[in-house]
Amino acid sequence: MASTSRTPTGRGRGGRGGGSSSLPPPLSTLPLIMEEFFIFVYEDPLIKKALPKKFADYLDGQEPAKVYLRAADCGPRLWTVEVLFDGQGRMYLDKGWENFAIAHGVDFGCFVHFKYEGDDVLTVKVFDGTMCRKYYYSDDEDTDDKSDDDVKPCMYPSPLDKEIMTKNIYVASYASI
Numbered sequence: 003m004a005s006t007s008r009t010p011t012g013r014g015r016g017g018r019g020g021g022s023s024s025l026p027p028p029l030s031t032l033p034l035i036m037e038e039f040f041i042f043v044y045e046d047p048l049i050k051k052a053l054p055k056k057f058a059d060y061l062d063g064q065e066p067a068k069v070y071l072r073a074a075d076c077g078p079r080l081w082t083v084e085v086l087f088d089g090q091g092r093m094y095l096d097k098g099w100e101n102f103a104i105a106h107g108v109d110f111g112c113f114v115h116f117k118y119e120g121d122d123v124l125t126v127k128v129f130d131g132t133m134c135r136k137y138y139y140s141d142d143e144d145t146d147d148k149s150d151d152d153v154k155p156c157m158y159p160s161p162l163d164k165e166i167m168t169k170n171i172y173v174a175s176y177a178s179i
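Taken in order, the sequence shown gives residues 3 to 179; the numbers are from this note's numbering.
Okay, structure coming up:
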């Protein structure tokens, strides 16, 4: 009768079992690094937005009064957004979020990806309901001497997104006939 118990033979990657383990260290010994997260917009996209509790915990003791949002691949423009903390460990994007959301096409069903860059700066990417990233463009002319005062905001939708939106509107109109 064959035995069903399995005993380690010590002959894996390390040869005869005398080598060191290739397993990563336990998670409890690693420092908490909370650099990236996303939120799903399932309610009014223009009202304050709750950020993940883990991110608020990451900032514990260093809670900023405001953060600066920068749309990824959209130049140096920073959008100032006030931050609220509710005393229960929750953090919210408040005043200033509405302007950013409007300018970047944040709508119902969007996923908004944040990357913490330090110094209270968050780089933001917006993905629509099809899980495709929204892209922005700037109508700035290419000049070498730009000051921060001359920077125009990126605009949504980009020409490519406009074309896709036009096709979707046409298809939706055709389907409702």
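All C-beta atoms in this analysis are idealised placements derived from N, C-alpha and C, irrespective of residue type, glycine included.
Host beta strand (DSSP E) of residue i (start-end)
i      : result
GLU45  : Where GLU45 is concerned, there is no enclosing beta strand (DSSP E), given that its DSSP letter is neither H nor E.
MET93  : 93-95
HIS106 : First-last for HIS106: undefined, no H or E at that position.
LYS136 : First-last for LYS136: undefined, no H or E at that position.
LYS127 : 123-129
7 Å CB neighbourhood of residue i in its chain, flanking five on each side removed
i      : result
VAL108 : VAL43, PRO47, VAL114, VAL128
GLU119 : THR125
ASP147 : The predicted position of ASP147 is uncertain, since its pLDDT is 39 and thus under 50; no value can be drawn from it.
ASP151 : Bear in mind that the predicted position of ASP151 carries a pLDDT of just 42, short of 50, making it too unreliable to give a figure here.
Residue i (DSSP reduced to helix, strand or coil)
i      : result
GLU100 : helix
ALA74  : coil
LYS56  : helix
LEU61  : coil
Nearest to residue i (by Cα), restricted to the options the options
i      : options                : result
ARG92  : ILE49, GLY131, ASP59   : ASP59
GLU38  : THR132, ARG135, PHE116 : PHE116
GLY111 : LYS136, LEU61, GLY89   : LYS136
GLN90  : LYS97, ASP62, GLU100   : ASP62
Same chain, Cβ closer than 6 Å to residue i, neighbours up to 5 away in sequence not counted
i      : result
PHE87  : GLU65, MET93
VAL69  : VAL83, VAL85, ASP122, LEU124
ALA103 : PRO47, LEU48
Does the stretch 73-84 touch the stretch 52-59, meaning 3 or more C-beta pairs lie closer than 8 Å? No, they do not touch.
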